[in-house]
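Data first, discussion second: the structure below is written as structure tokens.
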Amino acid sequence: MYEEGECVKLIKDPLFISKEESVHDTLKEKPDGEDKRETTETYDSLSAYLPQTKVSSREQMNQVKEECLRALKDRMTERLNVIMRRLNKETEELEKKKIAFARAQANAPEKVEIESEFEEYRRKAEFRIRITKQRLLEHEQDAVLQMNELNERIEKLFWLQN
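The numbering of the sequence shown is the UniProt record's numbering, which starts it at 1 and goes up by one.
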């Protein structure tokens with residue numbers, strides 16, 4: 001498929017390392033006898049939006065900044081939606097169980113057993129709801145911090161380029 005000696009450039013993704021990169025990293029000489037397979041690449045979300053050459057105009061800077069912030073906002077919004085779906089699902093299931101418990105309690109002679117089962121379920125469901133609400137709050141705080149940090153990094157980068 002590829003001719004011998006042809007270099008195949010693969011898209012770099014933080015989750016995957018191409019075969020060529022891993023072979024190259026393995027063969028690379030490292031000082032002080034370090035493990036040759038050890039790689040310490042860090043993923044930079046900003047690098048995907050930066051042009052390969054120096055940003056020359058203010059419009060380009062603003063466009064890169066807007067793309068970066070929009071991508072982060074989209075990721076944060078998707079995460080928020082996942083958390084909200086979990087919270088809504090847990091709340092709805094608890095409400096359904098409450099209704100079913102009320103019906104079962106009215107018709108069942110073994111009210112003590114049904115009540116203890118429901119109380120156990122309710123306790124666990126409220127715990128899951130409390131944890132999900134806590135994650136939601138942490139996500140909201142983290143989203144603000146990440147947006148501010150990214151904005152500062154972009155401003156600093158563009159300031160250094162000028």
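Virtual Cβ for every residue (Gly too), placed ideally from N, Cα, C.
Keep in mind that this is a model prediction, so the values were computed, not measured.
Pairing Q134 with E115, the inter-Cα distance amounts to about 28 Å. Note that the stretch 135-142 touches the stretch 66-81; at least 3 beta-carbon pairs, one per stretch, sit closer than 8 Å. Sorting E92, F118, E93 by C-alpha distance to the C-alpha of A104 places F118 at the top. Ranked by Cα distance from L94, the options E126, K65, L80 are led by E126.
About 6 Å separates the Cβ atoms of L72 and L150, confirming a contact at the 8 Å cut-off. L87 places its beta carbon 8 Å or farther from that of I154. For A71, the enclosing alpha helix (DSSP H) begins and ends at 58-107. A residue is called buried once 16 or more other Cβ atoms fall within 10 Å of its Cβ, and K96, having fewer, is exposed.
T132 is positioned such that its CB atom lies closer than 8 Å to that of I83. Buried is the label assigned to K65, since at least 16 other Cβ atoms lie within 10 Å of its Cβ.
Comparing alpha carbon positions, the residue from Q60, R122, W159 closest to E92 is R122.
Counting of Cβ neighbours within 10 angstroms places E90 among the buried residues, the total reaching 16 or more. In this structure, the CA atom of W159 is about 17 Å from the CA atom of L69. Here the alpha carbons of A143 and E152 stand approximately 14 Å from one another.
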